[in-house]
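Chains as they are written, first to last, in full-length UniProt numbering: chain A, 1 to 275; chain B, 1 to 286.
Set out below in structure tokens:
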């Protein structure tokens, strides 16, 4: 039976147009990143990547990411458990509130943290009097990174846990499982892949966040410069190869994220087919 | 469902079979209050010192208004491009099989996965007068980098997945019979698509385009490199906030930020309500 758009000419035209557009607008930029990074050969790439300031930017970015992931992992699991396993007033509101970071422009996100914890803010003034500096230092970068990435884990878990329902968990409780055993033996095996993907998304955004971090960081080379800010600094110094060498590292993480998603989706469809 | 939520405030703890209500409620509320809500009070605090006239003077200053026009105009163009391009891609990915389809599908998420600053410097380099695309377009008299076209392009790049990923699942769920019936009755492709497919798709298409538009309004990293940032011409509103901050004008930055914040929250609320209404209609008013 023929379906809409199945005529060979139309079909080929549409596929051709889609592939051409995607190649031009998505693939070409990706190729350009690596072409620019290796414009002066492998040596040029390596000397830029192994530069002291680049290494310290990589170090800071990894440090922030490693701290962000567990915080958002715990929050995401707790929130998903709360809103999918219990009925209580304000449940819908809570689900809406966690979308705030997606709705807010990153620059505004950075700004609200700066206003509160900066020297002029009402918390910041108190901190300043006690010689604690959060803004223009790594704790500030960590705080805004946690802010912008906090919805990812919860967003991946909530639809899945809602669809799965709580029957298996209720059975486990009836059989006398404790809270921790219940989570480890019943819930976790059911949600582990969504959890993993949530973590991968959190990682990608935490590593790459630019707007919010640039407001609160101060971008001091070797101190509060994250890898995306380092890319900006090098680009503005007209060190194109250097900027793209760091950008290529970030693009690799993006490619890993895409591969992980494709892999997890492939796994899901295969399981569906065999079930 | 709704009735239950109203008539049963806080069911007793013993009615809950599963453990962890107190713990998960405590952690979630603490986190939401400290991380999401508390920082917003800083903005309110900063603005509370302003009179209405002063506030109005800041947000209606010429250069700031020019930035609204640039941002909204470029975001609207990007949204229209994405509606067309996104619909085409979703259609091709769902309806046809061809070599490289899986790769094309994976590529759709690239703009979400790629850090915005990386996208920004890459597009700026590609479309500058010495870049691959810039050179190709120069003989045609089209300048992209450092014009509003570049801003719209960068916005379209970062927000294309919204349309594709919103339309795709709806298109997948459409039963094959409906377009087979249309074809069997002798409708031509274009007519059949408009009359049979589009009515099912357009709510998703509008939602996806709306989300893309909101994202474009707030985009910063991808845009600033290609924008050129000429006052009154190619400055976006996010950049205005940044400029005010660098001048240590926290009040000015807060006032403009409040406009951006209110606009995106209102738009998102509208999209959510609209989508909710559509879903209710689709599922027979439950």
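Virtual Cβ for every residue (Gly too), placed ideally from N, Cα, C.
Beta-carbon spacing of residue i, residue j below 7 Å
| i | j | result |
| --- | --- | --- |
| residue 115 (chain A) | residue 46 (chain B) | yes |
| residue 66 (chain A) | residue 146 (chain A) | no |
| residue 82 (chain B) | residue 151 (chain B) | no |
| residue 13 (chain A) | residue 207 (chain A) | no |
| residue 218 (chain B) | residue 47 (chain A) | no |
| residue 168 (chain A) | residue 153 (chain A) | no |
| residue 368 (chain B) | residue 29 (chain A) | For residue 368 (chain B) there is no data in the structure shown, the boundaries of chain B being 1 and 286. |
| residue 207 (chain B) | residue 68 (chain B) | no |
| residue 170 (chain B) | residue 204 (chain B) | yes |
| residue 32 (chain A) | residue 126 (chain B) | yes |
| residue 202 (chain A) | residue 69 (chain A) | yes |
| residue 204 (chain A) | residue 160 (chain A) | no |
| residue 98 (chain B) | residue 15 (chain A) | yes |
| residue 113 (chain B) | residue 273 (chain A) | no |
| residue 227 (chain A) | residue 64 (chain A) | no |
| residue 58 (chain B) | residue 259 (chain B) | no |
| residue 42 (chain A) | residue 110 (chain B) | no |
| residue 5 (chain A) | residue 189 (chain B) | yes |
| residue 108 (chain B) | residue 163 (chain B) | no |
Neighbouring residues, chain C, relative to residue i (Cβ below 9 Å)
| i | result |
| --- | --- |
| residue 78 (chain A) | As a matter of chain content, chain C is missing from the structure shown, whose protein chains are A and B. |
Identity of the residue in the options nearest residue i by Cα
| i | options | result |
| --- | --- | --- |
| residue 122 (chain A) | B:40, B:17, B:233 and B:20 | B:40 |
| residue 156 (chain A) | A:140, A:94, A:189 and A:199 | A:199 |
| residue 210 (chain A) | B:212, B:198 and B:239 | B:239 |
| residue 214 (chain A) | A:45, A:204 and A:137 | A:137 |
| residue 118 (chain A) | A:106, A:134, A:103 and A:104 | A:134 |
| residue 80 (chain B) | B:246, B:156, B:271 and B:177 | B:156 |
| residue 62 (chain B) | B:208, B:182, B:235 and B:247 | B:235 |
| residue 220 (chain B) | A:232, A:32 and A:57 | A:232 |
| residue 74 (chain B) | B:166, B:158 and B:153 | B:153 |
| residue 251 (chain A) | A:120, A:4, A:34 and A:22 | A:34 |
| residue 102 (chain A) | B:278, B:125, B:16 and B:268 | B:268 |
| residue 224 (chain A) | A:142, A:17, A:19 and A:18 | A:142 |
| residue 96 (chain B) | B:22, B:77, B:168 and B:23 | B:168 |
| residue 78 (chain B) | B:138, B:245, B:17 and B:209 | B:209 |
| residue 183 (chain B) | B:263, B:244, B:196 and B:250 | B:196 |
| residue 109 (chain A) | B:35, B:18 and B:27 | B:35 |
| residue 32 (chain B) | A:149, A:188 and A:260 | A:149 |
| residue 212 (chain A) | B:60, B:241, B:232 and B:263 | B:241 |
| residue 105 (chain B) | A:92, A:216 and A:23 | A:23 |
| residue 192 (chain A) | A:89, A:229, A:86 and A:76 | A:76 |
Span of the alpha helix (DSSP H), counted from its first residue to its last, around residue i
| i | result |
| --- | --- |
| residue 261 (chain A) | 240–274 |
| residue 81 (chain B) | 62–95 |
| residue 162 (chain A) | 151–164 |
| residue 172 (chain B) | 148–173 |
| residue 205 (chain A) | 188–208 |
| residue 229 (chain B) | First-last for residue 229 (chain B): undefined, no H or E at that position. |
| residue 75 (chain A) | 52–85 |
| residue 125 (chain A) | 122–129 |
| residue 176 (chain B) | 176–184 |
| residue 189 (chain B) | 189–192 |
| residue 108 (chain B) | From DSSP, residue 108 (chain B) is part of no alpha helix (DSSP H); its letter is neither H nor E. |
| residue 37 (chain B) | Looking at the DSSP string, residue 37 (chain B) is not in any alpha helix (DSSP H), and its letter there is neither H nor E. |
| residue 225 (chain A) | Careful: residue 225 (chain A) lies outside any alpha helix (DSSP H) and carries neither H nor E. |
| residue 33 (chain A) | 28–37 |
| residue 31 (chain B) | 21–31 |
| residue 170 (chain A) | 167–174 |
| residue 118 (chain A) | Per DSSP, residue 118 (chain A) belongs to no alpha helix (DSSP H) and is neither H nor E. |
Contact test: residue i Cβ vs the ligand SAH heavy atom, cutoff 6 Å
| i | result |
| --- | --- |
| residue 168 (chain A) | Absent from the structure shown: the ligand SAH. Ligands present: none. |
Contact the stretch 111–120 of chain B vs the stretch 221–228 of chain B: 3+ CB pairs below 8 Å: yes
Stretch-stretch touch, CB-based, cutoff 8 Å, three pairs: the stretch 137–155 of chain B with the stretch 5–13 of chain A: no
Are the stretch 227–243 of chain A and the stretch 74–93 of chain B touching by the rule of at least three beta carbon pairs closer than 8 Å? no
Would you say the stretch 72–86 of chain A touches the stretch 200–215 of chain B, given that touching needs at least three Cβ pairs under 8 Å? no
Report yes or no: do three or more beta-carbon pairs, one from the stretch 236–256 of chain B and one from the stretch 50–69 of chain B, lie closer than 8 Å? yes
Determine, using beta-carbon pairs with one atom in the stretch 46–58 of chain A and one in the stretch 244–252 of chain A, whether at least three such pairs fall under 8 Å. yes
Tell me whether the stretch 30–40 of chain A and the stretch 259–275 of chain A touch, counting them as touching only if at least three CB pairs, one residue from each stretch, are closer than 8 Å. no
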